[in-house]
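Asker: Got a structure here, written out as structure tokens. Questions coming.
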Amino acid sequence: MGILPSQTADALRRTAALYERVQSVIPAMEWATFADDVDAILRLKKERNAVILAHNYMRPEIFHGVADIQGDSLALAREAAKVEAEVIVVAGVHFMAETAKLLNPSRTVLIPNLQAGCSLAESITPEDVRAMRQRYPNTPVVTYVNTSAAVKAESDICCTSGNAKKIVESLGVPQVIMLPDTYLAQNVAKETQVKIIPWQGKCEVHERFTAADITLFREQNPGVIVLAHPECPPEVVAASDYAGSTAGMIAWVGEHKPARAVLLTECSMSDNVAVNHPQTSFVRPCQLCPHMKRITLANIRAALENNQHEVTIPEAIIPPARRAVERMIAVQ
Ligand code: 13P
Ligand code: SF4
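Position one of the sequence shown corresponds to residue 1204 (our numbering), numbered consecutively onward.
What follows is the structure, given as structure tokens:
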């Protein structure tokens, strides 16, 4: 590996056991560039009494290297509520950090890059929700967690990709407005008797997958199992073997142990899942989420060193937004 600065050599030694876990997905030369930051973050977490919540789309050096709690949006929300440490660093996108703050308001919640947004969260405003309510009176609003706190505050209840059908049916009504992901709404509509009125938001990552891609994967990889996220278009979900949240996909792989699989979702998922499921070889169509990829080891380290960027939510919207998220959690 050539001559390394002594600080890096020490960091490599201290992180050697961690590297052993991820060596199948991170080349040694790359780890050498991560070791200083991983080592510093592990130290800073202790000094600052901080925990790192990481979404399943984080790069493997974050997901396996420094995270304390990993999961899909639902798991991260549930776990955020229970955190006792003083500082929560959210290695994910802004709406996830807001959800953590809503559920655990006395903690300092940091997001390492304020630009880590989401095309779904961008697709709708509180005014849009109010207009939908006027258009469909007496119809409850079920809002995907991939939204701003201000939009959640206008909603009756939240949902994630992991519980959307259950939440819709928990309301015991014939129709609901479901915001903002039009494909998630269409996919849930196929599974329930409840009439779903959608919004027109889309995930810029999942909307790119097509049914023709699946035909090609199956032709080129006989026997491959196709797992899709429900933010994919309905024809993609229909052509897949399984559709579910990122945690649902991971659980499916763990349970069925397919020899070959393709995860129709963000790139880093396959790397992260492969570490714990070496029995499965993953075909890797790469669709990057530019927002998730704005979170790096360097900015997580800077977040802990400089207490940046603290997530705050206007006082007036905290109670109604929190109620919508808590109502969702209570349904589980
Ligand atoms: P999950 O809740 O399934 O992890 O999805 C979050 C997300 O942003 C998917 O694009
Ligand atoms: Fe938003 Fe899609 Fe990125 Fe998830 S993958 S954060 S839904 S843009």
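Backbone N, C-alpha and C fix where the C-beta goes; we use that ideal spot for every residue, glycine too.
What is the DSSP secondary structure of H1516, counted as helix, strand or coil?
Answerer: Reading the sequence as shown, one finds Ile at residue 1516 and not His. Of the three classes helix, strand and coil, the one that applies to I1516 here is coil, per DSSP.
Asker: Here's the rule: buried if 16 or more other CB atoms are within 10 angstroms of the residue's CB, otherwise exposed. What is E1287?
Answerer: Answer is exposed; the Cβ neighbour count stays below 16.
Asker: Taking the alpha-carbon of I1503 as reference, which of M1381, M1299, D1239 and N1316 has the nearest alpha-carbon?
Answerer: The option with the nearest alpha carbon to I1503 is N1316.
Asker: For the ligand FAD, any of its heavy atoms closer than 7 Å to the Cβ of H1432?
Answerer: This structure lacks the ligand FAD; the ligands present are the ligand 13P and the ligand SF4.
Asker: According to DSSP, G1404 sits in a beta bridge with which residue or residues?
Answerer: Paired residues: D1384.
Asker: Can you give me the start and stop residues for the beta strand (DSSP E) that T1346 sits inside?
Answerer: Residues V1344 to Y1347.
Asker: Which partner residues of A1464 appear in the DSSP bridge assignment?
Answerer: According to DSSP, which records beta bridges pairwise, A1464 is partnered with I1428 and F1485.
Asker: Which value, in whole angstroms, describes the spacing of the CA atoms of P1461 and A1334?
Answerer: Taking the straight line joining both Cα atoms gives about 46 Å.
Asker: Is DSSP giving L1256 helix, strand or coil here?
Answerer: DSSP places L1256 in strand when its eight states are reduced to three.
Asker: In whole angstroms, what separates the C-alpha of L1277 from that of I1520?
Answerer: Looking at the two C-alpha atoms, the distance is approximately 21 Å.
Asker: The alpha helix (DSSP H) with G1457 in it runs from where to where?
Answerer: Unbroken alpha helix (DSSP H) run through G1457: T1449 to H1459.
Asker: Could you tell me which of V1293, T1218, R1487 and C1435 sits nearest to V1514, measuring between CA atoms?
Answerer: Of the listed residues, the one whose Cα sits closest to V1514 is V1293.
Asker: Got a sec, what are the start and stop residues for the beta strand (DSSP E) L1317 sits in?
Answerer: L1317 -> no beta strand (DSSP E), and no H or E assigned at all.
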